[in-house]
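**Q** Just so you know, the sequence shown maps onto residues 125 to 272 in this note's numbering.
Sharing a structure, written as structure tokens. Questions coming.
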Amino acid sequence: MQNSDAMALSAGLLSAAGDLTRRIHDGVVGRGFDGVRPAHGFAFARLAQDGATVTELATHLGVTKQAASQLVDEIVRKGYAERRPHPGDARARLIVLTERGWACTRAAEEAAAEVVGAWGEVLGEDGLRALLHALTRIAVRGPVRPSW
Numbered sequence: 125m126q127n128s129d130a131m132a133l134s135a136g137l138l139s140a141a142g143d144l145t146r147r148i149h150d151g152v153v154g155r156g157f158d159g160v161r162p163a164h165g166f167a168f169a170r171l172a173q174d175g176a177t178v179t180e181l182a183t184h185l186g187v188t189k190q191a192a193s194q195l196v197d198e199i200v201r202k203g204y205a206e207r208r209p210h211p212g213d214a215r216a217r218l219i220v221l222t223e224r225g226w227a228c229t230r231a232a233e234e235a236a237a238e239v240v241g242a243w244g245e246v247l248g249e250d251g252l253r254a255l256l257h258a259l260t261r262i263a264v265r266g267p268v269r270p271s272w
């Protein structure tokens, strides 16, 4: 592949990822979840597993504990998450999604499905499956992190 083609491919992937993030965010806000930012969605993805400590969330997001703590303060204040005693560590607090946080997560899933559905109209079902297969083969395993 020529360097110019590699740059075009890189730009296309970055553009698609940025557009996907923006359209999911717009869909979440359009469904009535105000005061959220795309970074919250990356945090919600980790909290949806089984909750997380601030330290675990910081690692997931690739930020300092202080930055993760500020994000947690914000989503708790807005009613998307709550702090609970950690069942395995009396010194730690477990951050879990509230019903509002789960509803916001479902809204993000619906918005993502709409975006992917539009891609399917352009690529067709076979093209969409081929894209999924190709991205699954090259994507780095691990958390998807926001671009700060």
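Even glycine gets a Cβ: it sits at the ideal position worked out from N, Cα and C.
So what does DSSP say about VAL239, is it helix, strand or coil?
**A** Walking along the sequence shown from the start, residue 239 turns up at place 115. Reduced to three states, the DSSP call for VAL239 is helix.
**Q** Could you round the C-beta distance between VAL239 and LEU144 to whole angstroms and report it? I think they count as a contact, below 8 angstroms.
**A** Here residue 239 corresponds to residue number 115 of the sequence shown, with the count starting at 1. Here residue 144 corresponds to residue number 20 of the sequence shown, with the count starting at 1. Rounded, the Cβ-Cβ distance is 6 angstroms, consistent with contact.
**Q** Evaluate ILE199 with the Cβ neighbour count: other Cβ atoms within 10 Å of its Cβ, from every protein chain shown; 16 or more gives buried, anything less gives exposed.
**A** For the purposes of this step, residue 199 is taken as residue 75 along the sequence shown, with counting starting at 1. Classification for ILE199: buried.
**Q** Please state whether DSSP places PRO162 in a helix, a strand or coil.
**A** Taking the sequence shown and counting its residues from 1, the one referred to as residue 162 is at position 38. PRO162 falls in the helix class under three-state DSSP.
**Q** Looking at C-beta atoms only, is the number of pairs between the stretch 173-190 and the stretch 143-162 that lie closer than 8 angstroms three or more?
**A** Judged by Cβ distances under 8 angstroms, the stretch 173-190 makes no contact with the stretch 143-162, as fewer than three pairs qualify.
**Q** Just mark ARG170 as buried or exposed, buried being the case when its beta carbon has 16 or more other beta carbons within 10 Å.
**A** The residue you call residue 170 lines up with position 46 of the sequence shown. With 16 or more other Cβ atoms within 10 Å, it is buried.
**Q** Which of the three DSSP states, helix, strand or coil, is assigned to ARG155?
**A** Here residue 155 refers to the residue found at position 31 when the sequence shown is read from its first residue. If DSSP states are grouped into helix, strand and coil, ARG155 belongs with coil.
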